[in-house]
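Student: Dropping a structure here in structure tokens format, bear with me for questions.
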Amino acid sequence: MNEIWAGLLAAFHLIVTLDGDLVEITLRSLQVSLSALVIASALALPFGTWLAIRRFRFRRATIATLNALMGLPPVVVGLIVYLLLSRSGPFGVLGLLFTPTAMIIAQVVIITPLIASITHQAMRELWAEYHDLLISLNTSNRQRVLTLIWDGRRALLTGALAGFGRAIGEVGAIMIVGGNIDNATRVLTTAIALETGKGNFALALGLGFVLIALALLVNFAIHALSRTERHSTW
Amino acid sequence: MVALVPIATLKDVTVKRRGKTILGPISHGLESAGFTIVLGPNGAGKTTLLNALHGVERLSDGSVTWTSPDHASYKDQAFVFQRPIMLRRTVRQNLAYPLQLLGHNKNEIETEVMDWVGRVGLNGVLDHFAPRLSGGEKQKLALARALIQKPKVLFLDEPCANLDGRSTREIETVLSEVNTAGTSVIMTTHDLGQARRLASDVVFLLNGQIHETGLAPHVFEAPKTPEAKAFFQGDIVE
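Laid out in structure tokens, this is it:
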């Protein structure tokens with residue numbers, strides 16, 4: 003219990019004094035996770051919606067695979083991305099290993115199936131509601147996808163927030179591909195792992211509380227910006 | 006005197022679901038005098054026939070050929086469903102949606118929206134969220150959203166089911182106006198009174214087959230088949 007209080011005090015102290023390291027790590031965490039979220043959403047939202055409206059031969063298998071990929075072990079993703087980006091790997095020439103870009107790539111791989119799967123579930127229901135109207139209006143597939151994404155944006159926000167939550171809290175993959183290098187690739191989760199390893203529980207807990215506060219703050223900010231409570235359709 | 010004009014040819018039109026034939030096979034030259042009412046008992050295939058004519062229903066067999074190319078294209082047809090489908094947008098945005106798909110500019114869209122919102126009496130709810138409207142308002146919005154496309158053919162599937170008398174009257178008035186202005190209407194209804202008020206001609210369906218067709222006064226006053234006669238007298242027909 004003492005350690006939790008010490009952690010809270012450490013977090014309070016770090017925030018109030020605007021600790022330079024904390025600010026840098028926090029900004030990097032946000033940069034990596036928000037970049038991954040934007041890229042993953044750009045891929046997953048249209049794909050999940052397309053999957054909801056199209057009928058094709060291996061659709062069921064595709065949906066089952068997508069759902070299975072939601073449970074991808076981050077450490078395995080990190081290992082694969084590491085092998086692909088390492089000097090001897092196919093993309094080694096790009097020199098991306100141990101950079102924030104590598105961490106973004108790993109997070110995109112981890113959260114894209116999650117966002118796509120939630121999108122698919124939400125869009126399937128909306129498509130069932132809109133199907134006859136959009137067919138009757140002779141809409142193209144592109145128009146259908148855009149209409150569903152726009153009208154289902156509140157449900158899609160849930161998927162995006164779930165993806166952000168998974169990305170900001172992820173440690174295994176980014177530790178492998180980022181290397182937890184001070185002033186380069188250290189983020190809140192890898193810093194927590196490092197401080198815990200050093201036995202510095204108060205600081206680790208402090209960083210943990212900052213991480214939780216950050217996740218809550220981003221969620222509230224996105225909800226407020228998108229005014230999800232409007233029309234009571236959330 | 007209104008006259009029947011050929012509008013579509015149905016050739017072996019069949020719709021099956023899970024191996025069960027819902028409609029057809031129908032081979033029939035469909036004629037209309039402007040306002041066609043499709044009648045028949047529950048399960049006769051009225052909705053399926055409308056869906057098949059419009060192309061919303063995938064045919065298991067056969068084909069529908071429209072006599073006039075003006076009527077054949079999707080953009081010249083519009084459909085109002087029995088359960089009005091509301092986009093999760095405001096009334097204004099719902100009305101604008103079909104025109105946005107057709108590539109109209111903002112000024113044209115605004116003019117048309119204001120025109121139609123007035124014609125169906127939805128001025129007071131223009132910026133309300135459409136899914137939260139009352140049943141009557143939703144159906145009027147669905148009708149206006151269909152008519153804003155200026156269709157040559159308008160399909161309506163029981164548009165006044167579950168509506169009160171006032172809303173029914175308002176919808177019938179709009180339908181009569183657009184029909185007079187040249188839009189062909191093909192509509193299903195359970196309401197024989199409404200059918201008598203609106204129909205120029207009637208298609209009577211039974212067990213997935215077109216049982217009887219003709220100009221409304223003839224069909225209502227002197228039905229050729231005992232089933233149609235029984236139905237118009239209010240008897241249960243199977």
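For the record, the sequence lines run as chains A and B. Under my numbering, the first residue of the first sequence carries the number 3, and numbering increases by one thereafter. Under my numbering, the first residue of the second sequence carries the number 6, and numbering increases by one thereafter. We put the beta carbon where it would ideally sit given N, CA and C, even for glycine.
Closest to phenylalanine 40 of chain B by C-alpha separation, out of B:Leu210, B:His195, B:Thr173 and B:Leu161, would be which residue?
Tutor: Position 35 of the second sequence, counting from 1, holds the residue named residue 40 of chain B. Out of B:Leu210, B:His195, B:Thr173 and B:Leu161, B:Leu161 has the C-alpha closest to the C-alpha of phenylalanine 40 of chain B.
Student: State whether the region 17-31 of chain B contacts the region 211-218 of chain B, with contact taken as three or more CB pairs (one from each stretch) at a distance under 8 Å.
Tutor: yes
Student: At a Cβ threshold of 9 Å, is alanine 83 of chain B touching chain A?
Tutor: In the second sequence, the residue the question calls residue 83 of chain B occupies position 78. Yes, because at least one Cβ of chain A sits closer than 9 Å to the Cβ of alanine 83 of chain B.
Student: Considering only C-alpha positions, which residue in the set B:Ile153, B:Leu9, B:Thr53 and B:Glu175 is nearest to isoleucine 114 of chain B?
Tutor: Counting from one through the second sequence, the residue named residue 114 of chain B turns up at place 109. Of B:Ile153, B:Leu9, B:Thr53 and B:Glu175, the smallest CA-CA separation from isoleucine 114 of chain B is found for B:Ile153.
Student: Roughly how many whole angstroms lie between the Cα atoms of glycine 29 of chain B and isoleucine 90 of chain B?
Tutor: Indexing the second sequence from 1 puts residue 29 of chain B at position 24. Indexing the second sequence from 1 puts residue 90 of chain B at position 85. Their Cα atoms are separated by approximately 27 Å.
Student: Who pairs with histidine 33 of chain B in a beta bridge, going by DSSP?
Tutor: In the second sequence, residue 33 of chain B corresponds to position 28, counting from 1. DSSP, once it has assigned bridges, lists B:Leu15 as partnering histidine 33 of chain B.
Student: Given a threshold of 16 other Cβ atoms within 10 Å of its Cβ, counted over all protein chains shown, does glutamate 231 of chain A qualify as buried or as exposed?
Tutor: On the first sequence, position 229 is the one that residue 231 of chain A refers to. Confidence at glutamate 231 of chain A is low in this model, with a pLDDT of 48, below 50, so the placement of that residue should be treated as unreliable; the coordinate-derived value is given next. Looking at its Cβ environment, which holds fewer than 16 other Cβ atoms inside 10 Å, glutamate 231 of chain A is exposed.
Student: If we ignore side chains and look at the alpha-carbon of each, how far apart do threonine 114 of chain A and lysine 16 of chain B end up?
Tutor: If you number the first sequence from 1, residue 114 of chain A lands on position 112. If you number the second sequence from 1, residue 16 of chain B lands on position 11. C-alpha separation (whole angstroms): 48 Å.
Student: In the DSSP assignment, find the beta strand (DSSP E) that holds isoleucine 153 of chain B and state where it starts and stops.
Tutor: In the second sequence, counting from the first residue as 1, residue 153 of chain B sits at position 148. Segment: none, isoleucine 153 of chain B is in no beta strand (DSSP E) and carries neither H nor E.
Student: When the Cα atoms are used, what is the spatial distance from isoleucine 41 of chain A to arginine 146 of chain A?
Tutor: In the first sequence, counting from the first residue as 1, residue 41 of chain A sits at position 39. In the first sequence, counting from the first residue as 1, residue 146 of chain A sits at position 144. Approximately 22 Å, taken between the alpha carbons.
Student: State the start and end residues of the unbroken beta strand (DSSP E) segment that holds methionine 192 of chain B.
Tutor: Counting from 1 along the second sequence, the entry for residue 192 of chain B is found at position 187. Here the beta strand (DSSP E) through methionine 192 of chain B covers 189-193.
Student: Where do the ends of the beta strand (DSSP E) carrying phenylalanine 209 of chain B lie?
Tutor: The residue you call residue 209 of chain B lines up with position 204 of the second sequence. Unbroken beta strand (DSSP E) run through phenylalanine 209 of chain B: 206-211.
Student: So, is the C-beta of threonine 235 of chain A closer than 9 Å to a C-beta in chain B?
Tutor: On the first sequence, position 233 is the one that residue 235 of chain A refers to. For threonine 235 of chain A, the predicted model reports a pLDDT of 44, less than 50, meaning its position is unreliable; a value from the coordinates is still stated below. Yes, its Cβ sits closer than 9 Å to a Cβ of chain B.
Student: Please report how far the alpha carbon of arginine 70 of chain B lies from the alpha carbon of leucine 74 of chain A, in whole angstroms.
Tutor: On the second sequence, position 65 is the one that residue 70 of chain B refers to. On the first sequence, position 72 is the one that residue 74 of chain A refers to. The identity of residue 70 of chain B in the sequence shown is threonine, whereas the question assumes arginine. Between the alpha carbons of threonine 70 of chain B and leucine 74 of chain A lies a gap of roughly 52 Å.
Student: Helix, strand or coil: which one does DSSP assign to serine 234 of chain A?
Tutor: Position 232 of the first sequence, counting from 1, holds the residue named residue 234 of chain A. Because the pLDDT of serine 234 of chain A is 45, which lies under 50, any placement of that residue in the model is unreliable, and the question is left without a value.
Student: Does the CB of leucine 243 of chain A have a neighbour CB from chain B at under 9 Å?
Tutor: Within the shown structure, residues of chain A are numbered from 3 to 236, placing residue 243 of chain A beyond reach of any answer.
Student: Where does phenylalanine 84 of chain B land, buried or exposed, given buried means 16+ other C-beta within 10 angstroms?
Tutor: Indexing the second sequence from 1 puts residue 84 of chain B at position 79. Buried.
Student: For aspartate 184 of chain A, count neighbouring Cβ atoms within 10 angstroms of its own Cβ and tell me buried if that reaches 16, exposed if not.
Tutor: On the first sequence, position 182 is the one that residue 184 of chain A refers to. The residue in question, aspartate 184 of chain A, is exposed, as its Cβ has fewer than 16 Cβ neighbours within 10 Å.
Student: What are the residues in the region 52-80 of chain B lying within 7 Å of chain A by C-beta distance?
Tutor: His59, Val61, Tyr79 and Lys80
Student: Just checking: is the beta-carbon of glutamine 145 of chain A within a distance shorter than 9 Å of some beta-carbon in chain B?
Tutor: Taking the first residue of the first sequence as position 1, residue 145 of chain A is located at position 143. It does; some Cβ of chain B falls within 9 Å.
Student: What in chain B is Cβ-close to serine 119 of chain A, meaning under 8 Å?
Tutor: By 1-based counting over the first sequence, the position of residue 119 of chain A is 117. Ordered by position in chain B, no residue passes the 8 Å Cβ test against serine 119 of chain A, which lies about 22 Å from the chain.
Student: With 16 as the cutoff for other CB atoms within 10 Å, does glutamate 243 of chain B come out buried or exposed?
Tutor: In the second sequence, residue 243 of chain B corresponds to position 238, counting from 1. Flag for glutamate 243 of chain B reads exposed.
Student: Using the beta-carbon of each residue, which ones in chain A are nearer than 8 Å to isoleucine 90 of chain B?
Tutor: Numbered from its first residue, the second sequence carries residue 90 of chain B at position 85. Result: Glu131, Tyr132, Asp134 and Leu135.
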